[in-house]
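Note sheet for the following structure.
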Amino acid sequence: MRVFVAAALIAAFAGVTPVWAADPPAAFTVCKSCHKVDAGANGVGPSLFGVAGAKAGTASAGFKYSPAMTGWGKVWDDAALTAYLADPKGSIPGNKMVFAGMKNPDEIAAVIAYLKTLK
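Numbered per mature numbering (1 follows the signal peptide of the UniProt record, and there is no 0), the sequence shown spans residues -21 to -1, 1 to 98.
Structure representation (structure tokens):
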């Protein structure tokens, strides 16, 4: 218990978010209107559980991805996620997501960090 508290205090003073803090960032609020984070729990959009590191169009079984998404053929690494979250239609033309994109790089980074915890 002491180690846990000490690590949390050190992280707080260093301005670092501890790894065990997997609460979604404020920027994720807009994502929640269409996406769920539980495995296999699809909504309007696919579940985002396990999306980081997965091949596009494969992470959520049972979701009907667009041909543009399944045909894109790339893995959701940091660069791909950053480009997609900033400009979904520009990075994968023809995909079904009706979101204009995030403009704040810090918010994009926070969402990506959160997506990586969904395993």
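Here a beta-carbon is modelled for each residue, glycine too, at the ideal position from N, C-alpha and C.
Q: State yes or no: is the C-beta of residue 31 within less than 7 Å of the C-beta of residue 95?
A: Cβ distance < 7 Å, so residue 31 and residue 95 count as in contact.
Q | Endpoints, alpha helix (DSSP H) assigned at residue 68 | A | According to the DSSP assignment, residue 68 belongs to the alpha helix (DSSP H) that extends over 67 to 70.
(Q) Threshold first: 3 residues or longer. Then list the beta strand (DSSP E) segments lying entirely within the segment 47 to 88, N to C. (A) Whole beta strand (DSSP E) segments, 3+ residues: zero.
Q. What's the C-alpha gap between residue -18 and residue 87?
A. For residue -18, the predicted model reports a pLDDT of 39, less than 50, meaning its position is unreliable and no value from the coordinates is stated.
Q.
Quick check: what's the CA-CA separation for residue 82 versus residue 41?
A. Straight-line spacing of the CA atoms in residue 82 and residue 41 works out to 30 Å.
Q) Is residue 28 closer than 7 Å to residue 18 when the C-beta atoms are compared? A) Inclusion of residue 18 and residue 28 in the CB contact set at 7 Å is warranted, their separation being smaller than that value.
Q) Do you know how far the Cα of residue 15 is from the Cα of residue 79? A) Between the C-alpha atoms of residue 79 and residue 15 there is a straight-line separation of about 19 Å.
Q | Residue(s) in a DSSP beta bridge with residue 34 | A | 54.
Q. Residue 47 and residue 71 look like a contact to me (Cβ under 8 Å); what is the Cβ gap, rounded to whole Å?
A. 6 Å between Cβ atoms; contact.
Q: Below 8 Å on the Cβ atoms is my guess for residue 49 versus residue 91; work out the distance and round it to an integer in Å.
A: Not quite, the Cβ-Cβ distance comes to about 22 Å (not below 8 Å), so this is no contact.
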